[in-house]
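**Q** Below is a structure I'd like to ask you about.
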Amino acid sequence: MSVLDQNIAIFKYFEEISKIPHGSFHEEKIADYVENFAKEHDFKYVRDDMNNVIIYKDATPGYENHDTVMLQAHMDMVCEKNKDVDFDFETDALNLYVEDGWLKAKGTTLGADDGFGVSYMLAILSDDTLKHPNLECVFTVQEEVGLLGSINLKKEYFNAKKMIGLDGGGEISTCTTT
3 MSVLDQNIAI
13 FKYFEEISKI
23 PHGSFHEEKI
33 ADYVENFAKE
43 HDFKYVRDDM
53 NNVIIYKDAT
63 PGYENHDTVM
73 LQAHMDMVCE
83 KNKDVDFDFE
93 TDALNLYVED
103 GWLKAKGTTL
113 GADDGFGVSY
123 MLAILSDDTL
133 KHPNLECVFT
143 VQEEVGLLGS
153 INLKKEYFNA
163 KKMIGLDGGG
173 EISTCTTT
């Protein structure tokens, strides 16, 4: 029985990626997971030399003429643990549990920043019932240590003029650019 005992794709993917060590500078295994996801779903994708992964999903019928939308989240997590916990972020899976309705990790950071953004994109990509324009789902690395993955993305990977970042820093407004 899953600690996230709900049939919601976002939770399913979050639980799966929580089993994969993915601290900054050690994102290769989670990038493998995202790349394999793209292959299993027959999506076009790019994986660069830093392990950033971009998955492309075609528009659903009726949305082909809408602007392409980019979704972005980062795959790395902050690796902090309690002093009394024996845990290796390079090899150990997070130990998830629910307490008083809150998802937690035993003795370590949870990785929800930005594991839930990654999980949202995987859930969106896997759902064939959603209506959407062309999507460019960007899974970056090394965000927690200076946005290094994002800085090294190549512009030729993208057509989108609209972007939704699935990582939050307390913003309370949305802005647009032209």
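Residue 3 is where the sequence shown starts when you use the numbering used here, and the numbers rise one by one after that.
Cβ coordinates follow ideal geometry from the N, Cα and C atoms, glycine included.
Would you kindly check if the distance between the Cβ of Gly119 and the Cβ of Asp78 is under 8 Å?
**A** no
**Q** Below 8 Å on the Cβ atoms is my contact criterion, and I expect Ile56 with Glu138 to pass it. Report the Cβ-Cβ distance as a whole number of Å.
**A** 6 Å
**Q** Within 10 angstroms of its Cβ, does Glu29 collect 16 or more other Cβ (buried), or is it exposed?
**A** The C-beta of Glu29 has 16 or more other C-beta atoms within 10 Å across all chains shown, which makes the residue buried.
**Q** Helix, strand or coil: which one does DSSP assign to Glu17?
**A** helix
**Q** Can you tell me where the beta strand (DSSP E) with Met165 in it begins and where it stops?
**A** Per DSSP, the unbroken beta strand (DSSP E) holding Met165 starts and ends at 164–167.
**Q** Would DSSP call Tyr47 helix, strand or coil?
**A** strand
**Q** Once the 5 residues before and after Met72 are set aside, which same chain residues still bring their CB inside 8 Å of it?
**A** In chain order, Leu137, Glu138, Cys139, Val140, Phe160, Ala162, Lys164, Met165, Ile166 place their CB closer than 8 Å to the CB of Met72, counting only its own chain and leaving out the 5 sequence neighbours on each side.
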